[in-house]
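Structure record follows, encoded as structure tokens.
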Amino acid sequence: MTCQNLVLTRKTNILFVRSFTILVLIWIVMKPEVCFSSVLSSLKALHLQGYITFENNEFASRDFGNQIHSHPLAVVHPKSVTDISEIVTHVWQMGPASELTVAARGHGHSLQGQAQARGGVIINMESLRQDQEMQVYYRGVQFPYVDVSAGELWINILHETLKYGLAPKSWTDYLHLTVGGTLSNAGISGQAFRHGPQISNVRQLEVVTGKGEVLICSQEQNADLFHAVLGGLGQFGIITRARISLERAPKMVKWIRVLYSDFSTFARDQERLISASKTFDYIEGLVIKNKTGLLNNWRTSFDPQDPVQASHFVSDGRTLYCLELTKNLYPEKFDTVNQEIEDLLSQLSYIPSTLFMSEVPYIDFLDRVHASELILRSKGLWDLPHPWLNLLVPKSKIQHFANEVFGNILSDTNNGPVLVYPIHKSKVDNRTSFVCPDEDIIYLVAFLSHANPSSNGTDSLQHVLTQNKRILDFCEVSHLGVKQYLPHYTTQEQWRTHFGPKWEVFVQRKSVYDPLAMLAPGQNIFQKSVSVS
1 MTCQNLVLTR KTNILFVRSF TILVLIWIVM KPEVCFSSVL SSLKALHLQG YITFENNEFA
61 SRDFGNQIHS HPLAVVHPKS VTDISEIVTH VWQMGPASEL TVAARGHGHS LQGQAQARGG
121 VIINMESLRQ DQEMQVYYRG VQFPYVDVSA GELWINILHE TLKYGLAPKS WTDYLHLTVG
181 GTLSNAGISG QAFRHGPQIS NVRQLEVVTG KGEVLICSQE QNADLFHAVL GGLGQFGIIT
241 RARISLERAP KMVKWIRVLY SDFSTFARDQ ERLISASKTF DYIEGLVIKN KTGLLNNWRT
301 SFDPQDPVQA SHFVSDGRTL YCLELTKNLY PEKFDTVNQE IEDLLSQLSY IPSTLFMSEV
361 PYIDFLDRVH ASELILRSKG LWDLPHPWLN LLVPKSKIQH FANEVFGNIL SDTNNGPVLV
421 YPIHKSKVDN RTSFVCPDED IIYLVAFLSH ANPSSNGTDS LQHVLTQNKR ILDFCEVSHL
481 GVKQYLPHYT TQEQWRTHFG PKWEVFVQRK SVYDPLAMLA PGQNIFQKSV SVS
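This is how it looks when you write it as structure tokens:
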């Protein structure tokens, strides 16, 4: 080959390589548009009883935490479980090459974008409840229950079941949440010491798995899926219907608050009450430190005689602890209930002058936060960022935790209430996906902070986030064995640590029920198209 031919051949090769490279780059650039167009067309071609929206979906990119905003490609407003199954099946059949994910959104009360799906499909679960009636079963059954849509709000369930003199056994402090949302976490409030969290009071579920299958599950039927989705953070399926256990409901309750100045005494009294055979029906605790603001009071009665509101107990800068209790009132016990309450209170070591007691309708007590919500909304203080931090602390470490966190790290409770109360671990089924410390008694400690607008220009959100980090760092350095409730992590290694011995079971269940890892991407546990094993 002559030198001239060699040069021509080399130039031809260079031109070919350049041309090929340009074509590849064009293909890479154009491919997402082709995929996007194809995905969009395929979603629009689906025949649903409900409907899909592709615009004006800003509500699905926001949540109660108001810190993370991920815009979806589409929002499905299902009319039936068949709609949800069809959507999930469609995305499943697109295979691992598609990056499309699916997230169920209830009332949007998540804190860190857990119910969001960037560029994915959001299923508006509240749309599902509109065509699914609640059914209360109490005649001819040994234990009453209600069948409800997973998109139903707990407050609506309460209104319906009270017509029959019944109510669910276990609650959250805020009732304007969906059934599917709370069951995907746990659902903990002041009744959990007796009845366990809400996930311990479910008899049956209807679930759409990550492959689009519609399955009925319970302790006896598809039990592994049943336990997986309870506290499962939406990772194994979308809960579409639930059967909730009921009990007799009182019409009125005695609502009691007392104050403590010593944490160890406060904790000891709480532990005594939750372990007694005869005790109150609701037990929670509240930390009060240098409190002055309205935001701290969103869950109180705003009664000037209430010790939580009484300024002379908080003006000197002390850290105080409020014990909040209720006793259900039934007609046949009216003559004895006051004596029972007096006997119980006589065993406690609270500050005697702080006793506050009132009698309120049962529904008013359970829905007390909503009344405060309306006040905060009127002042523009409800839709602020909510950098909440919820922890589960072992009983053996709670005093050490309180000394450092309540004594040193926490400067005040003006950005929102701080709850602290114990529950029995035995009330939680270990077969569920819910994770808590391995001790007989564990404390829920909830820092329910708002990023309050500041008149002096300080960054309230950053202040709370910094405080949260200090608390978490202290727990880790001190090896307290604390677990997050409503957890948020950014790496899979952190999730592995969170689940501990349950991690392998969690991964195995994921591979069975959502092998493409397409469900609940906002939890940041798994990534679609990446092996979950």
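Residues in the sequence shown are numbered consecutively from 1, following full-length UniProt numbering.
The beta-carbon is built from N, C-alpha and C at its ideal position, and this holds for glycine as well.
DSSP, read as helix, strand or coil, puts Cys322 in strand. Exposure of Ala97 is indicated by the presence of fewer than 16 other C-beta atoms within 10 angstroms of its C-beta. For the pair Val420 and Val287, the CB atoms are nearer than the 7 Å cut-off.
By a beta-carbon distance limit of 8 Å, Leu183 contacts Ile239. Their separation comes to about 6 Å.
Between Tyr443 and Ser80, the alpha-carbon positions lie close to 39 Å from each other. For the 7 Å CB-CB criterion, Gly181 and Gly106 form a contact. A straight line joining the alpha-carbon of Asn57 with that of Val121 spans about 11 Å. Going by beta carbons, Trp171 and Gln191 fall inside the 7 Å limit. With distances taken between CA atoms, Asp83 lies nearest to Ala104 out of Trp495, Ala104, Ser70 and Glu99. For His227, same chain residues with a beta-carbon under 8 Å away, outside a window of 5 residues either side, are Asp429, Arg431, Thr432 and Ser433 in chain order. In the structure shown, the three-state DSSP call for Trp382 is coil.
Within the segment 70 to 147, the runs of alpha helix (DSSP H) that reach at least 4 residues and sit entirely inside it are, in chain order, 81 to 93 and 125 to 128. When Gly317, Ser478, Leu384 and Asp440 are compared, the shortest CA-CA separation from Ala451 is found for Leu384. If you draw a straight line from the Cα of Glu213 to the Cα of Gln221, it comes to about 15 Å. Around the beta carbon of Gln112, a 10 Å sphere encloses 16 or more other beta carbons of the protein chains shown; the residue is thus reported as buried.
Each of Ser38, Ala45, Ala74 and Phe401 was checked against the Cα of Phe59, and the nearest Cα belongs to Ala74.
About 4 Å separates the beta carbons of Leu448 and Gly416, which is inside the 8 Å limit, making them a contact pair. When DSSP reads this structure, Thr265 sits in no beta bridge, so it has no partner. Within the same chain, Leu391, Val393 and Cys475 come within 6 Å of Val482 by CB-CB distance, once the 5 residues on both sides are set aside. Between the segment 246 to 266 and the segment 159 to 168 there are three or more C-beta pairs closer than 8 Å, enough to call the two in contact. DSSP, reduced to helix, strand and coil, places His176 outside both helices and strands of the structure shown, so it counts as coil.
As the crow flies, the alpha-carbon of His90 is around 16 Å from that of Tyr513.
For Leu461, the CB contacts under 7 Å within the same chain, skipping 5 residues up- and downstream, are Pro385, Pro387 and Ala451 in chain order. Ranking Thr497, Tyr138, Arg139 and Val445 by CA distance to the CA of Tyr321 puts Val445 first. When Thr497, Leu323, His195 and Gly234 are compared, the shortest CA-CA separation from Val258 is found for Leu323. DSSP lists Ile441 as the beta-bridge partner residues of His424. Here Ala150 is buried: its Cβ has 16 or more other Cβ atoms, across all protein chains shown, within 10 Å. Taken through DSSP and simplified to helix, strand or coil, Ser277 comes out as coil. Around the beta carbon of Ala223, fewer than 16 other beta carbons sit within 10 angstroms, so the residue counts as exposed. Along the segment 356 to 407, the beta strand (DSSP E) occurs as fully enclosed runs of 3 or more residues at 356 to 361 and 389 to 394, listed in sequence order.
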